[in-house]
Every structure is written in C-alpha cells, then in structure tokens.
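These notes are about the structure you will find just below.
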Amino acid sequence: MMEKMIFGRYIPGNSYVHTLDPRSKLVFVFAFIIIVFLANNAVTYALLLAFTLLVVLLSRIRLYFLINGLKPVILLLVFTFIIHILFTREGDVILDLGFLKIYEEGLKQGIFISIRFLVLVFMTSILTLTTSPISITDGIEVLLNPLKKVKLPVHELALMMSIALRFIPTLMDETDKIMKAQMARGSDLSAGPMKDRIKAVVPLLVPLFVSAFKRAEDLATAMEVRGYRGGEGRTRYRQLKWDWKDSLCLATLVLFAVLLFIYRS
Amino acid sequence: MNEILSFNNVSFSYTPDIKDSRKAVDNVSFSINEGEWIAIVGHNGSGKSTLVKLVCGLLFPQDGEIRVMQNVLTEDNLWETRSSIGMVFQNPDNQFVGATVQDDVAFALENNGVPFEDMVERVHLSLKQVKMDNFLNHEPHHLSGGQKQRVAIAGALAMRPKLLILDESTSMLDPQGREEVLQTVQTLRDEIGLTVLSITHDVEEALLADRILFMNAGKKYAEGTPQEIFALGDKLVEFGLELPFATRMTNLLQSEGVQLVGQHMTEEELVNDLWTSNFNK
Amino acid sequence: MDIKLQQVSYAYSMGTPFEKFALFEVDLDIPSKTYQAIIGHTGSGKSTVLQHFNGLLKPSKGEVHIGDRKIEAGKKAKELKSVRQKVGIVFQFPEHQLFEETVLKDIMFGPMNFGISEEEAEKRARDLIHLVGLPEHVLDKSPFDLSGGQMRRVAIAGVLAMEPEVIVLDEPTAGLDPRGQKEIMDMFYTLHKERGLTTILVTHSMEDAARYADRISIMHEGRCVLSGTPREIFADSETLESYRLELPRIVKFQRKIEKMINQNLSKICLTEEELSEEIAHALREGRDQS
Numbered sequence: 001m002m003e004k005m006i007f008g009r010y011i012p013g014n015s016y017v018h019t020l021d022p023r024s025k026l027v028f029v030f031a032f033i034i035i036v037f038l039a040n041n042a043v044t045y046a047l048l049l050a051f052t053l054l055v056v057l058l059s060r061i062r063l064y065f066l067i068n069g070l071k072p073v074i075l076l077l078v079f080t081f082i083i084h085i086l087f088t089r090e091g092d093v094i095l096d097l098g099f100l101k102i103y104e105e106g107l108k109q110g111i112f113i114s115i116r117f118l119v120l121v122f123m124t125s126i127l128t129l130t131t132s133p134i135s136i137t138d139g140i141e142v143l144l145n146p147l148k149k150v151k152l153p154v155h156e157l158a159l160m161m162s163i164a165l166r167f168i169p170t171l172m173d174e175t176d177k178i179m180k181a182q183m184a185r186g187s188d189l190s191a192g193p194m195k196d197r198i199k200a201v202v203p204l205l206v207p208l209f210v211s212a213f214k215r216a217e218d219l220a221t222a223m224e225v226r227g228y229r230g231g232e233g234r235t236r237y238r239q240l241k242w243d244w245k246d247s248l249c250l251a252t253l254v255l256f257a258v259l260l261f262i263y264r265s
Numbered sequence: 001m002n003e004i005l006s007f008n009n010v011s012f013s014y015t016p017d018i019k020d021s022r023k024a025v026d027n028v029s030f031s032i033n034e035g036e037w038i039a040i041v042g043h044n045g046s047g048k049s050t051l052v053k054l055v056c057g058l059l060f061p062q063d064g065e066i067r068v069m070q071n072v073l074t075e076d077n078l079w080e081t082r083s084s085i086g087m088v089f090q091n092p093d094n095q096f097v098g099a100t101v102q103d104d105v106a107f108a109l110e111n112n113g114v115p116f117e118d119m120v121e122r123v124h125l126s127l128k129q130v131k132m133d134n135f136l137n138h139e140p141h142h143l144s145g146g147q148k149q150r151v152a153i154a155g156a157l158a159m160r161p162k163l164l165i166l167d168e169s170t171s172m173l174d175p176q177g178r179e180e181v182l183q184t185v186q187t188l189r190d191e192i193g194l195t196v197l198s199i200t201h202d203v204e205e206a207l208l209a210d211r212i213l214f215m216n217a218g219k220k221y222a223e224g225t226p227q228e229i230f231a232l233g234d235k236l237v238e239f240g241l242e243l244p245f246a247t248r249m250t251n252l253l254q255s256e257g258v259q260l261v262g263q264h265m266t267e268e269e270l271v272n273d274l275w276t277s278n279f280n281k
Numbered sequence: 001m002d003i004k005l006q007q008v009s010y011a012y013s014m015g016t017p018f019e020k021f022a023l024f025e026v027d028l029d030i031p032s033k034t035y036q037a038i039i040g041h042t043g044s045g046k047s048t049v050l051q052h053f054n055g056l057l058k059p060s061k062g063e064v065h066i067g068d069r070k071i072e073a074g075k076k077a078k079e080l081k082s083v084r085q086k087v088g089i090v091f092q093f094p095e096h097q098l099f100e101e102t103v104l105k106d107i108m109f110g111p112m113n114f115g116i117s118e119e120e121a122e123k124r125a126r127d128l129i130h131l132v133g134l135p136e137h138v139l140d141k142s143p144f145d146l147s148g149g150q151m152r153r154v155a156i157a158g159v160l161a162m163e164p165e166v167i168v169l170d171e172p173t174a175g176l177d178p179r180g181q182k183e184i185m186d187m188f189y190t191l192h193k194e195r196g197l198t199t200i201l202v203t204h205s206m207e208d209a210a211r212y213a214d215r216i217s218i219m220h221e222g223r224c225v226l227s228g229t230p231r232e233i234f235a236d237s238e239t240l241e242s243y244r245l246e247l248p249r250i251v252k253f254q255r256k257i258e259k260m261i262n263q264n265l266s267k268i269c270l271t272e273e274e275l276s277e278e279i280a281h282a283l284r285e286g287r288d289q290s
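The listed protein sequences derive, respectively, from chains A, B and C. Residues in the first sequence are numbered consecutively from 1, following this note's numbering. Residues in the second sequence are numbered consecutively from 1, following this note's numbering. Residues in the third sequence are numbered consecutively from 1, following this note's numbering.
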C-alpha cells in the first residue's frame, strides 16, 4: 500500500528550505499562488520560472520527485495548452495547415499557461516535500489562532489532524493485512464484474471500521488517563521558531513581487 | 510505610440494574505501599481489566471505596489523581498520541500545563531512563512494539508518578520486546523506587513482583508472595494459568521418583536441590 | 503438498527510490506432511516469506513451487485461487478478519469463495466449531459479541473450513492466556497428525518450535541462515546467539544440569517430560554404578 504513495511525501533533509519555519513556508506558498497571476509577458514568465528553479535548487529535492508530482496533472496541462492553441485567434499566423491555423498569440498563451501550471505544482510540491505533515499542522494551527475569537475550535482541529496523520501508516498497514487475509480466504478484489467487486469490498471495510473504532476507543482512554481535557490550560511542546532566514525568505518574495510588477506590461 | 493505593470492599458491575448478575469486581480489598511491586494475575475475563479502570477513574465502584495517596477517589479529585498515576496499556499502537517519540512523551505534560523549559528537561530525562534518548524524532511506525512500550513508560515517568500501572503491557510483544520492557521496569524500581502494579497472565512476569493478587471470576481468590501463590499448584492451572517453569519441572521430576525437597520457583533453587538431594551424596 | 522456495528475493517498492529488499536468495524446502517452524526476530523477513507460500507476494527474483504450481519472478501468475484453497494462512491476530453478521456465515465465507456448495460449507462450519472448542450455539451469534479468545477460534475455523492441505500459522497464540495458547497449539498439532497436513509455524517462540516442529529454519536479516531438525539446531548455541536467538528454556536448563553433574545426557530434550525422564534415568545409572 505505502509503496504507491511516494509522491508529495515528506523527504527529510536539512536544506535551507527544509529548515524554514512552516509558517513562513505556508505564507510564502499562499502569497506565491497570488503573485503568479501578476505575470503577463515573456519577461515576467521567465522571471517566474527562474525564481521557481532557484527554490528547487535551494530545497535540494531530487527532480525525480517533482517530475512525478506532475504526473497527475500532466493531462490537464496538455489539454489547456491545446485549447489555447486552437481557440486563440490573435496576432500573426505562424503555421497554416489549411484546416487549422495556429496564431502567435495562441502559442504564447499556451506556453504561459503551462509555465503557470508548472510553477504552481512545483512550489506546492516543495512545501509538502520539505515540511513534515506535523509541522504543516503546527503552522496552520498558529496561523489560524486569531480565528479562536470567532469560536473556531482551532486547537481541536489541529489535534484531530495530527492524530489522523499519526494513524495513516498504521491504518495503511492494517488495510494491507486485512486485504491479504481475505485474499487468502479466496476473496478477489481485482477480478470479476463490477457487482462482485463492490461486494468484495465489504469483507475489507467492515474489519477496517471495527478496528478503527477499537483504536479510537483505546486512544481516547489513553488520552483521558494522561490528563487530556481540551485545549484550555495546555502548554505546547512543539515550539515554532521564527528565524532571520524566515524573514529573508518572505522579504525575497516581496522583492520578487515588486520585480514582477515593474516588468509586467 | 506510605500507602499509595487501597481498595476497600470494592464491587463493580457493568449491569447493576439486573439482579443477581455476575459482578465484574466483587468485594475486592487490597493495598499497595510505596516501593512495592504488586502483580494481579488471572485468566482473561477474571476482572483484572475492570480493576484497572477503577483505579484511574474510568469507572466508579458501586460499593466500597478506592483511596489513592489516602484520599478517596471521587469525581472532584479525578484529574489530580490521574496526574499521579502512570499507565501503560496493552496495545502499543493505540496509546501513542504524538507524531514523534518526544511529542508523545510530552503529551501528559502539555495537558497539565507544564512550562516549556521544564518539559524539555523532563522529556529528555525520562527518555534517558528508558534508554530511548537516541530516538527523539522517530515516528511510531518505525519503532518496535517493545520500543513503543518503553516510550509509553517514559511518557508516564515524565509526570513523576507515584504509581506505574502496567495493564497487560507485555502481552502483545515478542520475547525480545517483553524482556526490554520488564528489564526497564526493574531498573526503574531499583533506581528511583517506583511503585508498580502490573496486570498480567504471564507467570514469569508475576514472579518479579513482591506480592501477587490472584483474581478469579471478579473475586480475589488469593493474595501472597509468589511462593505462597504458586504453592496453590493445580488450582492455578485449573483457572487457566500456568506454573513457573521450575515448579513444573519439580513436579515432573518428583513424579519420576526423583527426590527433591519442596517446591521451587527458580531454576537455581531447583538445580541446587537436585544437586544436594541426589548427586552430591 | 510440497512447498519449495528457490533463490527467492523480494523487494518492496520495486523500481522506485524507496526500493528495499526484504528477502535475499532464500532457499526453503518443505516436503509434504512436515511440521516446519520458521523462527526469526521481528523484521527478519519471516512474514515476507510467509506471503510467498500462497502467492500473496510474487518473488522479485527466483521461483516458488507450491505443489505442481510454479510462481516465477517476472512472469504473470494466473489463477492463484486454486493455490490459495490448498494453502490456508492463519495470520497474526486473525480475529481482525471477521466481518460477517454471524459466526456461521463468517466460517462459510472461505469455502464458498472457492465454489463449495452452501450445504457443504455449513456442514463444515458445524463440525469445525467443536474442533476449535466452542459450543454450537455460538454459530448464530455475531462474531463481534464474542470475547477475544473466542473470536480467534472462529477465525481459525474460517481458515480450516477451506480444508487446506498446507496450513501456515503466523504467531497463532499471540496475546492469549497460557491455557488458550496451549489449547490452540495442541489443536493444530492434532490436526497436523490426524489429517496429514503440512504445517508451517512462523514464530519467535523457541519453546513452540522445540515442542512441535520436525524441522526448523532460522531467518535473519532477510536470509534463511540455518535449517535442520530441532536437535541439530539446538546443538549449536553459539551460532544461534550470533543471530541474537536463545536456546529454548528447556535446553538451557538441560545444559545447566549437565554442567552440574559434569556429564551429558543421552540426547537433547525438547519437552519437559522428556527431560525429567532423562534426568531420572541418569540418576538411576549413577546410583547403579556407585
């Protein structure tokens, strides 16, 4: 099971990007998503691409993981590229096949949109590849803290998320085991008509739910006995540290946005 | 001697409304003093687990009273009581709350509002005590069962508990893991005089205790030193337990007509007896 | 039915950067009707080996023979169902596989997947429930209303109902109390003898291997490092120690006695009964001589 889930999975390391505070990385990625839309000509798109490559280099993530992260969206990318080429009718004709005319503007838009896709996918992948899920949770919890004033249960949500993350590998193993046990009893999940396949899921789902509930019950007991009674009066062991590196990172992004603003037409 | 825990005529039934239904815990009394190691043995369904739930206030008795540090356990002092008791449960996976080893050890400290600097010190110290200080940032699914249980012990130790309860903590472990955990508990007892209550059906684990409480059908069937309890012999076997290895060997040898003086619980005793009674003549 | 592993290697996440070999060139030869124990620590690869016995995993290299079927690395293995009917696996904590509304239906699940008629499956369930030591009225209950030990027995019945020729046991007694452990192990041994099954016990218990197995194989860091009869294996405690394994308690005790009386007993004893007889025998001999 686990073997299929290697994309977007956290790859431990100690590059510049790895050691950043999750808060700055989260803010950075969200701001970047907006900034991307500032680009509107060749120069700005080139800048966008260059900036992204710089971040990739800094993260020291092997290109293998980033390319693989593209796989699920590659179809979408090709599709939008073709749509732009087919339906934009501005500028000079650069290729005339008789039944189909490709315009300069169409090609340009197609390339731009592809670059936009690419940098967005790369940046978000780098966030998840360099930040452990639990750090992301910490970051989100702190960033959402102001929302406690409007009665959003931020602490509880974050705890739920961290427990969910903690149990993903456990439940994956469990799924694998139950699946194998049922296969050994002659159940077949991968063959036969749809109706049979759906029926074959029951022997997998029922034990999985039973075990998940049992775990939840055990865990609740263990938490209670260890003194958990909600977020009130709790202290935090996981501390986030804002460093000059984080300020530098966000300052660079601001600078970059200004640059884009100057060069856009 | 300071009394840490006592049960006085405690009864509990899961179905108190049904008349004459069997009680899960039936009129049980015992006490544990500071520094003692008490083992509660009994087969599955003998009421051992209910006993544990009563100690940490997950259930309250219908009759009798439970005293922790000489205070009667009530809903009002529940949280205070829990912070002085450390518990290690059976399933190593289902009690690991934190994302990493150190987060999990800190969990109870966070809940009790211990300041950050203090927490760091306590987490490191207690992980050192269970020899898991090289695993600070390990995630639970990269640890063995025995290691997870040692982390759970560290989590309890961090609260500086008066009493450590092991609720069948070794029953799901492989022999190596079981050895690790028992070794850890023994060391802690020697070094910091920890008081231990272990619930088990493992006879060799029970032998480590100062006193054994033998439960059957919700009642305390017998209480005494390991010697006294294992002298019950076939009675134990009848109730689904086994005798220690040396005791079984003693019985078998005697039935083969080998002369031996009395019962033995450790191999050394048996070997010595065998030597003095038979070979060294 | 014979089972044979030839130079089997297995890697998880084959072909990705996470590729990790769990087995290296394992050779195993389990003739029909043998009681074979496979011993190793957690992570020694014994659970990975086990999944090759009925084609749940396919070797990355090498080949597996199950009866007259051959499963080879790199080739598609079709129709594994017939193999799976003949090789039943009782996984660790098998109670986790129960899912039906009633115990009866759950026991019938396996056989019916293999095309056994409903009447026949029900008949098997009714026979088996006694064999695993449960009263017949349990059949109509929900498996989730039973105690842990009872659920274990139902799950075992569910595997036996397939009437396999080979039965693979993965720590079948983990978490049970001593009586439950002994009952389950004795039951499998009786079945092994009476029905002429091939039994493969995957365990970390030297005690169980000593008591029941005809042959023992030791797994260590993904390799099968040692194979032999229990007496052969236990004769060499130093080699065992190099794999961080200990002699069974009974053999260790025998060594203590032998050291004390400065004389070896006539054979390595595998059960407590055997050892006490041997000691009594040695004593009588000693007396006759003096």
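We put the beta carbon where it would ideally sit given N, CA and C, even for glycine. These numbers come from a predicted model, not from an experiment.
Interface criterion met: the Cβ of C/P94 is under 8 Å from a Cβ in chain A. Per the coordinates, the alpha-carbon of B/D104 lies some 42 Å from the alpha-carbon of C/I233.
By the criterion of at least three beta-carbon pairs nearer than 8 Å, the region 99-106 of chain A is not in contact with the region 133-152 of chain A. For the pair C/F114 and C/K81, the CB atoms are nearer than the 8 Å cut-off. Using a CB distance cut-off of 8 Å, A/I163 counts as an interface residue toward chain B. Close to B/H141, with beta-carbon spacing below 7 Å, are these residues of chain A in chain order: P169, T170. Interface annotation, B/N44: in contact with chain C, CB-CB separation under 8 Å.
When the beta-carbon positions are compared, C/I39 and C/I3 stay at least 8 Å from each other. Apart from the 5 residues on each side of it in sequence, B/M87 sits with its Cβ closer than 7 Å to the Cβ of C56, A156, I165, D167 in its chain, given in chain order. DSSP links B/F7 through a beta bridge to B/F30, B/I66. Boundaries of the alpha helix (DSSP H) harbouring A/F81: 74-87, taken from the DSSP string. Of all residues in the region 84-101 of chain B, only I85, G86, M87, F89, Q90, N91, D93, N94, Q95, F96, V97, G98, A99, T100 place a beta-carbon less than 9 Å from a beta-carbon of chain A.
Selection B/A217, B/K128, B/Q102, B/M249 evaluated against B/H138 yields B/Q102 as nearest (Cα-Cα).
At a C-beta separation below 8 Å, B/L109 has these neighbours in chain A: T235, Y237. With its beta carbon less than 8 Å from one in chain A, B/V114 belongs to the interface. Pairing C/F253 with B/E267 gives a Cβ-Cβ distance under 8 Å. Residue state for A/K151 is assigned as coil, using DSSP reduced to three classes. Secondary structure note for A/A200: its alpha helix (DSSP H) is the uninterrupted segment 194-225. The contact set of C/H204 on chain B, defined by CB atoms closer than 8 Å, consists of D174, P175, Q176 in chain order. For the C-beta of B/N216, not a single chain C residue is nearer than 8 Å; the gap to the nearest is close to 12 Å. Chain A places a beta carbon closer than 8 Å to that of C/V159, counting this residue as a contact. Straight-line measurement puts the Cα of A/S125 at about 58 Å from the Cα of B/D210. Boundaries of the beta strand (DSSP E) harbouring B/G224: 219-224, taken from the DSSP string. The Cβ of A/Y10 sits no closer than 8 Å to any Cβ of chain B. Contact check for A/L66 against A/F122 passes: the beta carbons are separated by less than 8 Å.
For A/S125, the enclosing alpha helix (DSSP H) has its first and last residue at 104-130.
In the DSSP assignment, C/E285 falls within the alpha helix (DSSP H) that extends over 272-289.
The C-beta of C/R84 comes closer than 8 Å to at least one C-beta of chain A. Nearest CB-CB separation between B/A24 and chain A: not below the 8 Å threshold. One Cα belongs to C/Q7, the other to C/H204, and the distance between them is close to 23 Å. The region 143-158 of chain C makes contact with the region 174-193 of chain C; the number of CB pairs closer than 8 Å reaches 3 or more. Here C/L160 really is in contact with C/L128; their C-beta atoms are around 5 Å apart, less than 8 Å. Closest option to C/Y212, judged by alpha-carbon separation, among C/M1, C/Y35, C/Y12: C/Y35.
In the pairwise beta carbon analysis, the region 168-188 of chain B is classified as touching the region 139-147 of chain B: at least three pairs are separated by under 8 Å. Look at C/P59: its C-beta is not under 8 Å from any C-beta on chain A.
In the DSSP annotation of this structure, B/K148 is not part of any beta strand (DSSP E); the continuous alpha helix (DSSP H) holding it starts and ends at 145-157.
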